[in-house]
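Protein chains: 2
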Amino acid sequence: MELVDSLLKGDRRALARLITIVENGDAAVPSILTAIYPKLGRAYVVGVTGPPGAGKSTLADNVIEIWRGRKYAVGAVLIDPSSPFSGGAILGDRIRMQRHSLDEGVYIRSLGSRGSHGGLSRYTRQVVQLLDAFGMDRILIETVGVGQTELDVMEVADTTVVIMGPESGDTIQTMKAGLMEIADIFVVNKADREGASRMAAEISAMIEIREYGDEWRPPVLLCQANKAIGVEELDNAISQHRGYLEEHDLRESHRRALRRNELIELIARYFRGKVLNSADAGALEPYFKRVENLEISPYEAAELILQSDILEIVLNSR
Amino acid sequence: MELVDSLLKGDRRALARLITIVENGDAAVPSILTAIYPKLGRAYVVGVTGPPGAGKSTLADNVIEIWRGRKYAVGAVLIDPSSPFSGGAILGDRIRMQRHSLDEGVYIRSLGSRGSHGGLSRYTRQVVQLLDAFGMDRILIETVGVGQTELDVMEVADTTVVIMGPESGDTIQTMKAGLMEIADIFVVNKADREGASRMAAEISAMIEIREYGDEWRPPVLLCQANKAIGVEELDNAISQHRGYLEEHDLRESHRRALRRNELIELIARYFRGKVLNSADAGALEPYFKRVENLEISPYEAAELILQSDILEIVLNSR
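Chains as they are written, first to last, in the numbering used here: chain A, 1 to 318; chain B, 319 to 636.
Have a look at this one:
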């Protein structure tokens with residue numbers, strides 16, 4: 001495939017076109033991703049997430065700057081939140097980040113989440129694969145940490161940075177959003193503002209309560225992203241986390257688990273398609289009708305179906 | 319099952335306990351929902367959603383008040399947002415709404431979305447089924463309209479009310495969150511504030527652009543929920559929408575589709591469990607290993623699996 005060959009040779013236009021193809025869910029996606037599959041696993045992926053207004057884009061911009069200072073090739077995936085209620089600053093921040101787009105060593109792409117219906121994490125993973133195959137050393141994913149969909153996106157990251165600001169509200173409430181579970185590093189941004197050190201202390205206290213045992217214990221860093229203060233420390237923490245992952249073989253096992261999930265998802269989608277077809281016209285149709293008519297519950301219907309050989313018939317149907 | 323018998327006789331404590339059982343994902347859930355299944359389909363379900371701070375709880379409170387004036391038995395399901403970044407007013411609003419909890423004709427329950435991992439819409443549907451079987455005439459679901467998970471929750475509603483306030487930000491941006499697609503009725507709340515009529519005009523203009531044909535065209539209502547102004551008009555609009563649905567047999571067909579989806583979901587989950595087992599130890603294991611080792615892509619593996627009879631073996635495995 002010519003486009004893939006160009007991608008592997010480092011052609012930026014081929015990269016852009018392939019990402020668009022992936023975004024559109026084109027029929028060529030499986031063959032594209034199959035062609036690049038053996039080249040994967042090189043790039044280190046860092047996720048940045050947190051509530052609206054915490055300073056994610058500014059921090060991401062700083063991290064990219066540091067990486068560029070080391071001559072790393074950098075890819076960045078910016079996820080537009082599925083909710084627009086996160087304030088109007090986003091666009092401005094992202095335009096600011098575009099200063100890197102004049103840099104040939106950086107490729108930045110925004111991914112819209114609209115209409116993706118839970119497929120966002122799949123698209124993100126596929127785009128990360130394209131950036132990886134292109135030869136990026138580092139890939140940064142930025143997403144607003146609201147909702148399960150956005151958290152799922154972070155699964156693809158090797159290191160997840162959760163950033164919060166003193167204005168992000170009650171720490172405990174924030175943690176309830178599931179950020180505690182996914183954070184490898186905490187950053188309290190806007191360290192010069194009131195409440196920042198208290199927030200850092202609260203997060204540290206919550207980390208104390210959890211029993212990490214030998215596991216990685218997320219550091220809590222104070223930062224002023226708008227002045228690039230504390231960003232070197234963040235970069236160090238990312239390196240330390242990477243060292244921890246590699247020492248315990250966790251990076252590879254995480255990636256293997258992602259690959260495993262990808263296959264499970266493909267098989268499950270195939271099966272679901274078969275069931276949908278058969279629910280409309282095939283062997284399952286009578287069961288669906290009885291459930292629709294409230295004659296039997298879905299649980300009873302499932303029981304009956306599983307006790308029969310109907311699913312095999314469904315699998316073999318054309 | 320004794321608890322279900324008590325529920326069907328109108329025992330509120332049985333209702334409360336059954337909801338907790340459903341929330342915990344207890345093993346008894348299938349038999350409980352099977353037992354109540356033939357009793358379903360009576361309650362009319364209204365969803366209220368919109369951005370944080372729009373006044374959802376206050377409006378919901380008013381709607382419940384009107385329904386109670388007509389002696390309807392009312393159930394309310396309040397979904398805690400998976401994100402806490404929606405402002406601190408929520409708890410206060412909900413405490414305010416608790417005035418109805420002194421009323422024997424109202425049952426209010428908050429459902430936490432934490433850790434539900436996309437299962438929130440399933441739990442909500444199950445709780446709505448319990449309330450329906452209990453004998454509620456009306457069920458109100460309130461959720462913050464941020465993220466796909468929250469939008470999915472609204473699928474169970476017969477009528478979906480989208481409420482926005484002048485402070486909800488740019489109308490077009492708001493619509494991008496997918497609210498345009500799910501709204502049966504728009505309410506612009508805080509009608510006395512600056513920008514409210516402009517927002518209503520913008521929404522109307524966006525409705526004009528869409529081609530509804532013979533389909534239901536969402537009305538745009540102005541409201542002051544804190545003074546109960548415009549709530550009667552909202553209740554009328556809900557009745558009109560209900561009339562439209564019933565006239566076109568859409569309410570029944572929507573419910574049939576939901577029942578159908580429930581069965582599809584059950585079968586798909588069963589199959590997924592089988593695949594997971596087999597991926598670890600069974601017939602699929604060699605394929606998973608090759609994908610993990612980057613020897614073949616998930617797409618190639620899926621192709622090989624589908625061309626073989628392995629999925630049948632997986633289905634028949636214990």
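For each residue, glycine too, the CB sits at the ideal point set by N, CA and C.
Answer yes or no: do residue i and residue j have a C-beta to C-beta separation smaller than 7 Å?
i	j	result
residue 218 (chain A)	residue 186 (chain A)	yes
residue 639 (chain B)	residue 479 (chain B)	Given a span of 319 to 636 for chain B in the structure shown, any question on residue 639 (chain B) remains unanswerable.
residue 49 (chain A)	residue 154 (chain A)	yes
residue 159 (chain A)	residue 46 (chain A)	yes
residue 138 (chain A)	residue 37 (chain A)	no
residue 282 (chain A)	residue 317 (chain A)	yes
residue 555 (chain B)	residue 377 (chain B)	no
residue 299 (chain A)	residue 352 (chain B)	yes
residue 540 (chain B)	residue 509 (chain B)	yes
residue 268 (chain A)	residue 585 (chain B)	no
residue 629 (chain B)	residue 315 (chain A)	yes
residue 444 (chain B)	residue 358 (chain B)	no
residue 429 (chain B)	residue 395 (chain B)	yes
residue 453 (chain B)	residue 328 (chain B)	yes
residue 326 (chain B)	residue 333 (chain B)	no
residue 369 (chain B)	residue 486 (chain B)	yes
residue 322 (chain B)	residue 339 (chain B)	no
residue 206 (chain A)	residue 188 (chain A)	no
residue 19 (chain A)	residue 109 (chain A)	yes
residue 382 (chain B)	residue 418 (chain B)	yes
residue 144 (chain A)	residue 150 (chain A)	yes
Between residue i and chain A, is the shortest Cβ-Cβ distance under 7 Å, so that the two count as touching?
i	result
residue 337 (chain B)	no
residue 340 (chain B)	no
residue 484 (chain B)	no
residue 355 (chain B)	yes
residue 439 (chain B)	no
residue 528 (chain B)	no
residue 609 (chain B)	yes
residue 348 (chain B)	yes
residue 500 (chain B)	no
residue 506 (chain B)	no
Tell me whether residue i sits in a helix, a strand or coil according to DSSP, three-state version.
i	result
residue 287 (chain A)	helix
residue 142 (chain A)	strand
residue 623 (chain B)	helix
residue 164 (chain A)	strand
residue 238 (chain A)	helix
residue 185 (chain A)	strand
residue 204 (chain A)	helix
residue 612 (chain B)	coil
residue 83 (chain A)	The predicted position of residue 83 (chain A) is uncertain, since its pLDDT is 41 and thus under 50; a value taken from the coordinates is nonetheless stated next. Residue state, collapsed to three classes: coil.
residue 327 (chain B)	coil
residue 26 (chain A)	coil
residue 99 (chain A)	helix
residue 572 (chain B)	helix
residue 40 (chain A)	coil
residue 531 (chain B)	coil
residue 567 (chain B)	coil
residue 332 (chain B)	helix
Does the beta carbon of residue i sit closer than 7 Å to a beta carbon anywhere in chain B?
i	result
residue 288 (chain A)	yes
residue 34 (chain A)	yes
residue 300 (chain A)	yes
residue 319 (chain A)	As displayed, chain A neither begins before 1 nor continues past 318, which places residue 319 (chain A) out of reach and without an answer.
residue 312 (chain A)	yes
residue 308 (chain A)	no
residue 262 (chain A)	yes
residue 138 (chain A)	no
residue 59 (chain A)	no
residue 317 (chain A)	no
residue 99 (chain A)	no
residue 242 (chain A)	no
residue 266 (chain A)	yes
residue 294 (chain A)	yes
residue 297 (chain A)	yes
With DSSP as the reference, please indicate the residues paired to residue i in a beta bridge.
i	result
residue 224 (chain A)	A:229
residue 394 (chain B)	B:426 and B:458
residue 477 (chain B)	B:364
Is residue i near the ligand FAD - that is, is its Cβ less than 6 Å away from at least one heavy atom of it?
i	result
residue 57 (chain A)	In terms of ligand content, the structure shown is empty, and the ligand FAD therefore cannot be addressed.
Just list the beta strand (DSSP E) runs in the region 362-391 of chain B, keeping only unbroken ones of 3 residues or longer that don't cross its boundaries, in chain order. 362-368
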